[in-house]
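In terms of this note's numbering, the sequence shown has 459 at position 192, counting the first letter as 1, and numbering is strictly consecutive.
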Amino acid sequence: MKNNKFIFPLLTILVFFSIFIYALLMTWPVSCNHMNQYVTIKKNSSVNQVSKVLENNLCVNKNLFKIAIKLTGNDKNIRYGRYNFKSVTNMKDLVNLLTSNNKEKVKITVIEGLRLKDVAIYLEKKLSIDINHFIELCYNKSFISSLGINASNLEGYLYPDTYLLLKNYTEKDIIRVMVSQFLYNYNENILKNKLTMHEIVTLASIIQWEAIYDDEMRLISSVYHNRLDRNMLLQADPTVQYILPERKSKLLKKHTRVDNSYNTYLYKGLPPGPINSPGIMAIIAAADPNQSDYLYFVANNKGRHIFNTTFKGHLKSKK
268 MKNNKFIFPL
278 LTILVFFSIF
288 IYALLMTWPV
298 SCNHMNQYVT
308 IKKNSSVNQV
318 SKVLENNLCV
328 NKNLFKIAIK
338 LTGNDKNIRY
348 GRYNFKSVTN
358 MKDLVNLLTS
368 NNKEKVKITV
378 IEGLRLKDVA
388 IYLEKKLSID
398 INHFIELCYN
408 KSFISSLGIN
418 ASNLEGYLYP
428 DTYLLLKNYT
438 EKDIIRVMVS
448 QFLYNYNENI
458 LKNKLTMHEI
468 VTLASIIQWE
478 AIYDDEMRLI
488 SSVYHNRLDR
498 NMLLQADPTV
508 QYILPERKSK
518 LLKKHTRVDN
528 SYNTYLYKGL
538 PPGPINSPGI
548 MAIIAAADPN
558 QSDYLYFVAN
568 NKGRHIFNTT
578 FKGHLKSKK
């Protein structure tokens with residue numbers, strides 16, 4: 268009985284002490300000058316790996332984090348993804364953020380005709396992605412191959428559409444979603460073509476740049492198909508604009524003489540790859556052109572085009 272008199276008070280003290288330590292730990296302040304930056308937690312990361320990432324990128328003591336995550340029983344529940352810690356004030360907030368099923372989404376709209384670098388700039392503004400890492404992934408051959416794309420980079424394959432993306436998506440997640448949407452829209456009917464998928468997307472990107480109006484796309488496509496069939500230079504202005512440091516309001520003769528494999532004024536056939544992300548109408552037009560004998564076209568002052576079968580007629584239309 269005498270021992271019990273000491274045991275119960277001791278247990279009570281231990282319980283209250285444990286509660287105090289737990290409360291102290293969970294309310295431990297987490298703050299520094301980098302709370303607005305995004306930090307990526309990789310898939311299948313261990314508690315040790317996550318704690319090191321937090322310590323290296325934020326003002327978080329890795330040992331305190333490991334104790335906190337284990338005390339809450341969440342050491343097996345850390346979710347991978349990109350996280351912004353601006354709403355985190357203490358250890359409890361941090362644990363909850365990393366282990367909760369984050370469903371917060373952001374609506375983005377990638378318009379047709381954007382170049383890869385422009386898509387990256389847009390996503391950086393909307394989702395605070397690491398733009399350099401995003402572009403590196405778009406040129407990573409093993410990653411591109413894993414997506415089912417046979418190309419040296421993802422120019423042309425980041426499908427223009429409206430997306431609802433989870434806010435903590437990684438750069439890889441975003442690219443996968445956009446390429447999956449491309450493959451979904453690039454259906455079997457388009458695949459049944461004399462051109463390869465890469466060639467169709469390349470031609471579609473030129474058509475996308477040229478055409479303001481969808482109803483002209485298949486006719487513009489016919490001009491390029493006719494030129495390819497006759498082994499003529501495509502002489503597509505967009506391919507020259509693509510290689511210039513800045514877009515020109517009007518191309519000069521000197522611009523068409525820039526030695527680059529994308530310059531279709533100098534090199535026959537299609538350029539090595541797409542020059543932007545074409546929409547579905549341009550892709551369909553590239554795969555299924557109108558039947559025509561046109562070899563030339565020029566834009567009028569309303570953004571539409573005048574088509575000709577002869578160079579003489581083309582020169583007349585340009586005046």
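C-beta: ideal position from N, C-alpha, C; glycine also.
- Residue E477 holds the alpha-carbon nearest to the alpha-carbon of G570 among E513, P505, F449, E477.
- When the Cα atoms are used, H492 and P556 turn out to be separated by approximately 8 Å.
- Across the structure, E403 and P427 are spaced so that their CA atoms are roughly 20 Å apart.
- Here the C-alpha atom of M484 lies approximately 8 Å from the C-alpha atom of M548.
- Runs of the beta strand (DSSP E) lying entirely within the segment 317 to 391, each at least 3 residues long, are 348 to 351, 372 to 376 in chain order.
- Going by DSSP, V507 is part of no beta strand (DSSP E) but of the alpha helix (DSSP H) stretching over 504 to 510.
- The C-alpha of L361 lies about 22 Å from the C-alpha of E438.
- Between S488 and I474, the C-beta spacing is below 7 Å.
- Shortest Cα-Cα distance from K337 to any of K461, L292, V444 involves L292.
- Here I542 really is in contact with S472; their C-beta atoms are around 5 Å apart, less than 8 Å.
- For N315, the number of other beta carbons within 10 angstroms of its own is below 16, and it is reported as exposed.
- Shown here for G536: same chain residues with a beta carbon closer than 8 Å to its own, the five before and five after excluded, namely L495, L501 in chain order.
- Under DSSP, P296 shares a beta bridge with N357.
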